[in-house]
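**Student:** Got a structure here, written out as structure tokens. Questions coming.
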Amino acid sequence: KAGVTQTPRYLIKTRGQQVTLSCSPISGHRSVSWYQQTPGQGLQFLFEYFSETQRNKGNFPGRFSGRQFSNSRSEMNVSTLELGDSALYLCASSPDRGYEQYFGPGTRLTVT
Amino acid sequence: GIQVEQSPPDLILQEGANSTLRCNFSDSVNNLQWFHQNPWGQLINLFYIPSGTKQNGRLSATTVATERYSLLYISSSQTTDSGVYFCGTAAGNKLTFGGGTRVLVKP
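Chains as they are written, first to last, in the numbering used here: chain A, 12 to 123; chain B, 9 to 115.
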């Protein structure tokens, strides 16, 4: 089975721009979660989608949003980028709650 | 919410040495995972271990859920074991991670 894939792998954006990141889960997995990793804050949960519905949300501003499509692929969007949004964004997939989660390779976003 | 603490924060080992990494969590959990973050940032699954003991080659893990801790053992360490190790516990599917243990194995 193919693993979790994320595109793009690297991205450089300017303050004020917006960005869309994509995540394709393992085949058959319906839950996709997103995480942000920064040196200062560590790994933090952004949100989780299951069957095209946001099921859980972390403590991030409304500039961070996401969605999930009927094939379980997910996208996250960050609008009005700030320097502090520079981070590694990881997505994880699992069949449902209570199962092992598997992570993609991440998208490294740099905001200048 | 759940608090997760990992110790030690840093670990320097000579190749061939054994080590134990610890993960303490503040509340009862029904899901605990150990990961190794590779140099490119990907989290590689090591163990899914809500309770009990598991072994995979030179690595093993034990979770004592009633006492709210998990241990990761690395035996006969190799330079390829270097990197950051994270534990994470999940409520629903929201994983809360510890701060990680950075391991450096010297040849």
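For every residue, glycine included, the Cβ atom is placed at its ideal position computed from N, Cα and C. Fair warning: this is a prediction, and the values are worked out from it, not measured in the lab.
From Arg76/B to Pro58/B, what distance separates their C-alpha atoms?
**Tutor:** Answer to the nearest angstrom: the Cα atoms are 10 Å apart.
**Student:** Out of curiosity, what's the CA-to-CA distance linking Thr87/B and Gly49/B?
**Tutor:** Answer to the nearest angstrom: the Cα atoms are 17 Å apart.
**Student:** Chain A partners of Gly4/B, CB-CB under 8 Å?
**Tutor:** Residue 4/B is absent from the structure shown; chain B starts at 9 and stops at 115.
**Student:** Looking only at its own chain, which residues have a Cβ that is under 8 Å from the Cβ of Leu51/B, when we skip the five neighbours before and after it?
**Tutor:** Here the set comprises Phe43, His44, Gln45 and Phe94.
**Student:** Mind reading off the beta-carbon distance from Val43/A to Gln79/A? Whole number of angstroms is fine, and I expect it under 8 Å.
**Tutor:** Yes, Val43/A and Gln79/A are in contact; Cβ-Cβ is about 6 Å, under 8 Å.
**Student:** If the cut is a Cβ gap below 8 Å, which residues of chain B does Arg41/A touch?
**Tutor:** Going along chain B, no residue has its Cβ under 8 Å from Arg41/A, so there is no contact; the nearest lies around 11 Å.
**Student:** Rounding to the nearest angstrom, what Cα-Cα distance links Ser38/A and Ser83/A in this structure?
**Tutor:** In a straight line, the C-alpha of Ser38/A is about 9 Å away from that of Ser83/A.
**Student:** Using beta carbons (cut-off 9 Å, strictly below), is Tyr93/B in contact with chain A?
**Tutor:** Not an interface residue.
**Student:** List the endpoints of the continuous beta strand (DSSP E) containing Leu54/B.
**Tutor:** Segment Leu51 to Tyr56, the beta strand (DSSP E) holding Leu54/B.
**Student:** I want to verify the contact list: residues of chain A whose CB lies under 7 Å from the CB of Gly107/B, in sequence order.
**Tutor:** Ordered by position in chain A, the residues that pass the 7 Å Cβ test against Gly107/B are Gly53.
**Student:** Between Cys34/A, Gly51/A and Gln29/A, which lies nearest to Val15/A when the distance is taken from Cα to Cα?
**Tutor:** Checked all of Cys34/A, Gly51/A and Gln29/A; the closest Cα to Val15/A is Cys34/A.
**Student:** Let me know the secondary structure DSSP gives Leu94/A once reduced to three states.
**Tutor:** Here Leu94/A sits in helix by DSSP.
**Student:** Run the CB neighbour count on Val72/B, radius 10 Å, all protein chains shown included, and call it buried at 16 or more, exposed below.
**Tutor:** By the neighbour-count rule (16 or more Cβ atoms within 10 Å), Val72/B is not buried but exposed.
**Student:** Please report the residue range of the beta strand (DSSP E) in which Arg119/A lies.
**Tutor:** Residues Thr118 to Val122.
**Student:** Are the Cβ atoms of Phe105/B and Leu54/A separated by less than 9 Å?
**Tutor:** Result yes, Cβ atoms of Phe105/B and Leu54/A sit closer than 9 Å.
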